[in-house]
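Numbering follows numbering that gives the first Met the number 0, with no gaps: position 112 of the sequence shown is 111. Glycine included, C-beta positions come from ideal geometry on N, C-alpha and C.
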Amino acid sequence: MKSFAISVEPIDVAACARRLADDRAGALVTFEGWVRNHNDGQQVGSLEYEAYAPLAESEGERILAEARVRFALGGAVAVHRTGHLKIGELAVWVGVTAEHRAAAFDACRYIIDEAKARLPIWKKEHYASGATAWINCATRGEHAGGSAT
Numbered sequence: 000m001k002s003f004a005i006s007v008e009p010i011d012v013a014a015c016a017r018r019l020a021d022d023r024a025g026a027l028v029t030f031e032g033w034v035r036n037h038n039d040g041q042q043v044g045s046l047e048y049e050a051y052a053p054l055a056e057s058e059g060e061r062i063l064a065e066a067r068v069r070f071a072l073g074g075a076v077a078v079h080r081t082g083h084l085k086i087g088e089l090a091v092w093v094g095v096t097a098e099h100r101a102a103a104f105d106a107c108r109y110i111i112d113e114a115k116a117r118l119p120i121w122k123k124e125h126y127a128s129g130a131t132a133w134i135n136c137a138t139r140g141e142h143a144g145g146s147a148t
């Protein structure tokens, strides 16, 4: 079973977390990215995600493999939605297990930042005004301390 997936269906968080069950792990850290109702001063009504799934999934697997080595993870799973999502819906889920919480926190952030920067996934915002705009998803935060950009 793949560790990174693109899905048109809602993300089953419980099933994803069950895949990470590991008696050797001292920490499970997850990240959930939700569709919010605003961005850059505009009222957002919904989001639309498109992806080139074959490339996104293979590169997503590489990102998870890098994180497993870099942070000595026990496990890593990630799912990104595509399609038209409503406010409050879950767009992306990342979960990692590690012996220690610091490694798990750092790995989770690394994975979401790298996914935003490297995956062929595009986001279109649908505004309350009726306008739409494609949004640059290729921003990443600082991996070691620092604040997100």
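TODO: Name the one or two DSSP bridge partners that residue 72 has.
DONE: As a first step, residue 72 is located in the sequence shown; it is residue number 73 there, counting from the start. DSSP, once it has assigned bridges, lists 97 as partnering residue 72.
Task: Integer Cβ distance of residue 96 from residue 24, believed to fall under 8 Å - done: For the purposes of this step, residue 96 is taken as residue 97 along the sequence shown, with counting starting at 1. For the purposes of this step, residue 24 is taken as residue 25 along the sequence shown, with counting starting at 1. That pair is a contact at about 4 Å.
TODO: Can you tell me the Cβ-Cβ gap for residue 49 and residue 117, rounded? I've got them flagged as a contact below 8 Å.
DONE: The residue you call residue 49 lines up with position 50 of the sequence shown. The residue you call residue 117 lines up with position 118 of the sequence shown. The Cβ separation is near 16 Å, so there is no contact.
TODO: Starting from residue 13, trace the alpha helix (DSSP H) both ways and give me its first and last residue.
DONE: Taking the sequence shown and counting its residues from 1, one reaches residue 13 at position 14. Its alpha helix (DSSP H) spans residues 12-17.
Open item on the list: Taking 9 Å as the threshold (C-beta atoms), are residue 46 and residue 99 in contact?
Closed with: The residue labelled residue 99 in the question sits at position 100 within the sequence shown. The residue labelled residue 46 in the question sits at position 47 within the sequence shown. For residue 99 and residue 46, no; Cβs fall outside 9 Å.
Task: Element boundaries [beta strand (DSSP E), containing residue 45] - done: As a first step, residue 45 must be located in the sequence shown, where it is residue number 46. Taken as a continuous stretch (DSSP letters only), the beta strand (DSSP E) holding residue 45 covers 41-50.
TODO: Taking residue 31 as part of the beta strand (DSSP E), name the residues at either end of that continuous run.
DONE: Reading the sequence shown from its first residue, position 32 is the one you call residue 31. Looking at the DSSP string, the run of the beta strand (DSSP E) that includes residue 31 is 26-33.
Task: In DSSP terms, what residue 134 is bridged to - done: Within the sequence shown, the letter at position 135 stands for residue 134. Answer is 122.
TODO: Measure the alpha-carbon distance for residue 34 versus residue 15 and round it to whole angstroms.
DONE: Position 35 of the sequence shown, counting from 1, holds the residue named residue 34. Position 16 of the sequence shown, counting from 1, holds the residue named residue 15. For residue 34 and residue 15, the distance between alpha carbons rounds to 19 Å.
Task: Start-to-end residues for the beta strand (DSSP E) that takes in residue 4 - done: As a first step, residue 4 is located in the sequence shown; it is residue number 5 there, counting from the start. From DSSP, the beta strand (DSSP E) with residue 4 extends over 3-6.
Task: Alpha-carbon to alpha-carbon, residue 66 and residue 109 - done: Position 110 of the sequence shown, counting from 1, holds the residue named residue 109. Position 67 of the sequence shown, counting from 1, holds the residue named residue 66. Computed Cα separation, rounded: 7 Å.
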